[in-house]
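Accompanying notes for the structure given below.
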Amino acid sequence: MNLSGYLAGLVLVVFLAIACLTAILVYFSPQTSSAGVFSLFYLALLISAAGIFTLIGFFIRQISRKKRIPLSQGQVVRNLEVSFRQGFLLSIILVSVLILQSQRLLYWWDLAALVGLVGLAEWWLMKRQ
Numbered sequence: 020m021n022l023s024g025y026l027a028g029l030v031l032v033v034f035l036a037i038a039c040l041t042a043i044l045v046y047f048s049p050q051t052s053s054a055g056v057f058s059l060f061y062l063a064l065l066i067s068a069a070g071i072f073t074l075i076g077f078f079i080r081q082i083s084r085k086k087r088i089p090l091s092q093g094q095v096v097r098n099l100e101v102s103f104r105q106g107f108l109l110s111i112i113l114v115s116v117l118i119l120q121s122q123r124l125l126y127w128w129d130l131a132a133l134v135g136l137v138g139l140a141e142w143w144l145m146k147r148q
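Numbering (the numbering used here), first residue to last: 20 to 148.
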């Protein structure tokens, strides 16, 4: 599959996740919903945020690299892989913060520890490759 196929699939998944997120917000009340509805809400939020962060990161990389030497197809796919990894890690931070806040357990040191752990995970993954 080529790059345009990956990007089209990613955009389709993001739109489906946003549609699911919207349906959950419209049809379910937070006061009367069960844990299953909240799980689906956070899962749809995770998928949509990961896709949006991935697309934003990828297009920022592409725009910043166009001014310099053009990239080969392999390097562009590598940029997409890095963007997906970083977008997924950012969405994990977002969803974790929202879950902690919904339970009234979010303090600044929790956020600092979460960002530190995700930063260490990204550092380890970058160093490994």
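Ideal placement from N, C-alpha and C gives every residue a C-beta, glycine not left out. Bear in mind that the values here come from a model prediction, so they are computed numbers and not experimental data.
*Given a threshold of 16 other Cβ atoms within 10 Å of its Cβ, counted over all protein chains shown, does Phe144 qualify as buried or as exposed?*
The question names Phe, but residue 144 is Leu in the sequence shown. By the neighbour-count rule (16 or more Cβ atoms within 10 Å), Leu144 is not buried but exposed.
*Leaving aside the five residues before and after Val137 along the sequence, list all residues of the same chain whose C-beta is less than 7 Å from its C-beta, in chain order.*
Leu108, Ile111, Ile112
*With a threshold of 16 other CB atoms inside 10 Å of the CB of Thr41, please say whether the residue is buried or exposed.*
exposed
*With Leu125 as the anchor, note down where its alpha helix (DSSP H) starts and where it stops.*
No alpha helix (DSSP H) contains Leu125, which DSSP labels as neither H nor E.
*asked:* Buried or exposed for Leu64, going by 16 or more other Cβ atoms inside 10 Å?
replied: buried
*What is the residue span of the alpha helix (DSSP H) that Gln50 lies within?*
Neither: Gln50 is in no alpha helix (DSSP H) and is coded neither H nor E.
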